[in-house]
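Structure first, then comments.
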Amino acid sequence: MSSTIAAISTPTAIGGISLIRISGDNALVIAEKLFVPFGKTPVSEMAGHTCAYGRIVYDGETLDDVLLTVFRAPSSYTGEDTAEISCHGGLYVTKKVLRAAIALGAEPAAAGEFTKRAFLNGKLSLTQAEAVADIISAEGDSALKSANMMREGALFRDVKSVSDRLVELLGGLAAWTDYPDEDIPETDPATILSALSECEKRLEKIIAGYDGGIVFREGVSCAIVGRPNVGKSTLMNALLGFERSIVTPAAGTTRDVVEEKLRLGDIVLRLSDTAGIRETSDGVEQLGVKLAERTAERAQLCFVVLDGSEPLTCGDREILKMTANRRRIVVINKCDLPQKLDREYFSDDILLEVSAKDRLGLDRLRDAVYEKLSLDAGTDAGVFVNERQKNCCDRALSAIRESKSAISAGETLDAVTVCIDAAADALLELTGEKATEAVVNNVFERFCVGK
Ligand code: GDP
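Letter 14 of the sequence shown, counting from 1, is numbered 13 in numbering that gives the first Met the number 0, and no numbers are missing.
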């Protein structure tokens, strides 16, 4: 018998509706004790996937009018009996309902425990469960699309087809070595080699989804750099559409690094407006300048901002030198003023001429960013893999390469088998078919409580 768990599944904030989820063998018993239906059907007689209107009464006190939805095992998210109580959104009411459920015997759910139960009950594969976490945190369309594809099992199928092939190879090898008396044909090394190469190619393709995944899932860190007063803060504000950084005509006002997220088409830019980079004697500003240099060094992309209404200064040249080997876009600001900046200097750069103050020219930014990051704006998201999944693929890939060299070196089939075995193991860990408890726990720790 499984314990019964309960949690608030909606965010802990004030809203129109909050949902309390109770799952486990006693979920419906607890719901029955809490819920007084307005209709005639008691909870014990409600069919799965039905909903009833009524009120929550605990200890003689009416807490709220609610909707109760009943799911019966195994046809629920967790695979267990589940009750979901939708009450009015107040935090106080919601917590009182949860406390009542706990007083009646439910245990507070741990982070991700509902989804973990779904996995343990065979409702989801590990990669599908991870996709649920990704959907919750997705910030761009591509990340969401990819997470949805993963939830539908696309990654699982890709990886499974490779692990199936490996297991099949292992079966052939084992049959031949374990039953020498039977008339089983020896697996010919050339056939194994070509099957392994096929697996290698498919894994390489899956791993390629990692880099794209990072960009789409976590966004791109992007530093706005330039000497003081070229309009960095104004640009940041224009991009974000609201005032975030302090804008003043006095140079050197942005002393720390200000961070904001900007959605640009399918991706999220994590913008940081840095202190103007220049030689300075002011201690605080010096710190800001150091921080700006470091932010620019670490960022995946730099917007180097120049003032188009002035000739290039030594400071500008310094910054251009500092970012010469970085992925950068040169933004020539203040195009609303008469132009004095020599554009010849930037033959190899993507140049954007804008007026941050009047918000002119910003619409070309998206294409420039996509071009610089070598992303194709038109294509659909591939299946992205996360760190854990990539790690499994990497291990499988190197084991496959080892098996190939073992074959080429003419080693015994036993030695080859050991390597192929390791490759298959890594992939079975990825899909969760052979994951240790530690791996499974680690996956679900990323979730929020209530999911
Ligand atoms: P930062 O030090 O690089 O962050 O520069 P700020 O954003 O604080 O801007 C410095 C000054 O330039 C302010 O007075 C802005 O109003 C002005 N400024 C910024 N962008 C433009 C622009 O596109 N056109 C004009 N004419 N002035 C601008």
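The beta-carbon is built from N, C-alpha and C at its ideal position, and this holds for glycine as well.
Option nearest residue i by Cα separation, candidates the options
i: Thr322; options: Ser22, Ala298 and Asp306; result: Ala298
i: Ser193; options: Lys403, Val439 and Glu432; result: Lys403
i: Asp64; options: Leu103, Leu18, Glu436 and Ala109; result: Leu18
i: Asp366; options: Ala355, Leu359, Asp357 and Leu351; result: Leu351
i: Leu361; options: Pro310, Asp163 and Asn236; result: Asn236
i: Pro337; options: Val353, Gly121, Thr411 and Ile223; result: Val353
i: Leu234; options: Phe155, Asn332, Lys200 and Thr190; result: Asn332
i: Leu27; options: Ser43, Thr186 and Lys260; result: Ser43
i: Val448; options: Gly53, Lys289 and Lys115; result: Lys115
i: Gly78; options: Ile205, Phe118 and Ala110; result: Phe118
i: Gly314; options: Cys391, Arg293 and Val229; result: Val229
i: Leu154; options: Asp24, Thr3 and Val384; result: Val384
i: Val522; options: Gly152, Glu199, Ala146 and Asn147; result: No answer is possible for residue 522: the residues shown for the chain start at 0 and end at 450.
i: Cys301; options: Asp180, Leu268 and Leu66; result: Leu268
i: Leu103; options: Lys159, Asn25 and Leu66; result: Asn25
i: Glu217; options: Arg164, Ile266 and Asp163; result: Ile266
i: Gly23; options: Ile205, Leu359, Pro10 and Ser1; result: Ser1
i: Ser85; options: Leu66, Gly409 and Ala72; result: Leu66
i: Pro10; options: Gly88, Glu60 and Glu31; result: Gly88
i: Ile349; options: Asn440, Pro310 and Arg363; result: Arg363
Residue i versus residue j: straight-line alpha-carbon distance, rounded
i: Glu428; j: Gly15; result: 41 Å
i: Arg342; j: Ser271; result: 26 Å
i: Lys450; j: Thr40; result: 29 Å
i: Leu97; j: Gly208; result: 41 Å
i: Glu436; j: Asp424; result: 15 Å
i: Pro36; j: Ala51; result: 7 Å
i: Ile21; j: Ala105; result: 8 Å
i: Thr312; j: Leu195; result: 58 Å
i: Thr273; j: Pro227; result: 10 Å
i: Leu143; j: Ala422; result: 30 Å
i: Leu238; j: Ile29; result: 51 Å
i: Tyr178; j: Phe443; result: 42 Å
i: Ala295; j: Ile7; result: 41 Å
i: Gly220; j: Glu167; result: Per the sequence presented here, residue 220 reads as Ser, with Gly not at that position. Going by the C-alpha atoms only, they are around 44 Å apart.
i: Gly121; j: Phe345; result: 58 Å
i: Met45; j: Thr68; result: 9 Å
i: Val438; j: Cys391; result: 11 Å
i: Gly152; j: Arg400; result: 27 Å
i: Glu386; j: Leu263; result: 24 Å
i: Leu306; j: Leu340; result: It should be noted that the sequence gives Asp, not Leu, for residue 306. Asp306 and Leu340: Cα-Cα distance of roughly 8 Å.
i: Asn147; j: Thr411; result: 44 Å
i: Asp157; j: Ala108; result: 32 Å
i: Thr3; j: Phe113; result: 10 Å
i: Gly240; j: Ser232; result: 12 Å
i: Ala12; j: Ser74; result: 30 Å
i: Gly38; j: Gly53; result: 8 Å
i: Glu203; j: Ser308; result: 49 Å
i: Arg164; j: Asp413; result: 18 Å
i: Gly409; j: Asp420; result: 18 Å
i: Ala5; j: Ala434; result: 26 Å
i: Asp347; j: Arg316; result: 15 Å
i: Asp180; j: Thr186; result: 15 Å
i: Ala355; j: Ile205; result: 41 Å
Contacting residues, own chain, Cβ-Cβ under 8 Å from residue i (five flanking each side not counted)
i: Ala99; result: Leu33, Ile55, Tyr57, Asp58 and Leu62
i: Thr416; result: Leu169, Leu172, Ala173 and Thr176
i: Phe70; result: Gly47, His48, Tyr76, Asp80, Thr81, Ala82 and Glu83
i: Ile406; result: Pro188, Ile191, Leu192, Leu195 and Val415
i: Val303; result: Val224, Gly225, Ile318, Leu319, Thr322, Arg327, Ile328, Val329 and Val330
Sequence-distant residues of its chain with Cβ nearer than 6 Å to residue i (five each side left out)
i: Gly431; result: Ser124 and Leu125
i: Gly377; result: Bear in mind that the predicted position of Gly377 carries a pLDDT of just 45, short of 50, making it too unreliable to give a figure here.
i: Asp379; result: Its pLDDT being 47, under 50, Asp379 is placed unreliably by the model, and nothing is read from it.
i: Lys388; result: Sequence check: residue 388 is Gln here, not Lys. So the qualifying residues of the chain are Leu429.
Interface flag, residue i vs chain B, CB-CB below 9 Å
i: Thr11; result: The structure shown has no chain B; it contains just one protein chain.
Beta-carbon contacts of residue i that lie in its chain and below 7 Å, excluding the five residues immediately before and after
i: Asp357; result: Asp335
i: Arg150; result: Gln127, Ala130, Val131 and Ile134
i: Phe446; result: Ala110, Gly111, Thr114 and Ala132
i: Glu31; result: Pro41, Val42 and Ser43
i: Asn440; result: none
i: Cys418; result: Ala398, Glu401, Ser402 and Ala405
i: Lys159; result: Thr430
i: Ala72; result: Gly78, Glu79 and Asp80
Cβ contact check for the segment 325 to 341 and the segment 359 to 371: 3 or more pairs under 8 Å: yes
If contact is defined by three or more beta carbon pairs under 8 Å, each pair taking one atom from either stretch, is the segment 391 to 398 in contact with the segment 88 to 97? no
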